[in-house]
Amino acid sequence: MRMNNMTQNQTQSTSANKKISTYLTLIVLIVMALGITALFIAVETYLVGDQLAAGVLAGIGLIALTLSVFLLYQSKRQSAEVKIEVPKVMTTIECKCGSKTMREFQPGDYVFKDLDVPCQKCPTTKQMITGIYKEVKEKEKTYNV
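The working numbering numbers the first residue of the sequence shown as 117 and each following residue consecutively.
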């Protein structure tokens with residue numbers, strides 16, 4: 117149950133990231149369209165004879181296009197760099213005789229659950245789950261000094 121919730125949370129956060137990226141892309145495309153519109157209006161204004169207004173509109177259009185292309189490029193590059201790693205969850209199994217084994221987490225595992233799997237050292241005794249934890253990588257470890 118807990119593992120399913122963790123998987124759902126990761127799926128929800130991934131879909132939230134996709135929604136944010138979609139909204140950002142939509143905003144960038146709207147700004148790009150406004151920049152192109154400003155450039156067309158600048159050309160019409162220049163043809164009418166108002167060079168100052170045409171220059172301002174052309175500047176606004178070019179700045180909008182430049183920023184929207186830059187933001188689109190940066191957002192696509194950053195989304196390609198984001199990698200979500202699912203942590204490896206391990207289960208510790210112990211026997212009354214003191215033997216200890218570890219395996220990957222399986223759905224339905226919980227602490228103090230009696231397993232039907234017999235111990236390798238004493239086949240008559242059942243084993244029990246004594247711990248469930250996430251495998252910690254070296255870069256994640258922090259030391260307080």
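Note that CB positions come from ideal geometry on N, CA and C, so glycine has one too.
When C-beta atoms of the stretch 236-253 are compared with those of the stretch 206-214, three or more pairs fall below 8 Å, so the two segments count as touching.
In this structure the stretch 175-182 lies against the stretch 149-156, because at least three pairs of beta carbons, one per stretch, are closer than 8 Å. Here the C-alpha atom of CYS211 lies approximately 29 Å from the C-alpha atom of VAL202.
Out of PRO239, THR240, THR141, the CA that lies nearest to the CA of VAL185 is found in THR141. The DSSP-derived three-state label of THR217 is strand. PRO239 and CYS213 have their C-alpha atoms spaced approximately 11 Å apart.
Counting every other CB atom within 10 Å of its CB across the protein chains shown gives GLN243 a total of 16 or more, marking it as buried.
Between SER215 and LYS237, the gap from beta carbon to beta carbon is short of 8 Å. The beta carbon of ALA170 sits closer than 6 Å to the beta carbons of ALA158, THR161, TYR162 from its chain, once the five residues preceding and following it are set aside; these are given in chain order. Boundaries of the beta strand (DSSP E) harbouring GLU210: 205-210, taken from the DSSP string.
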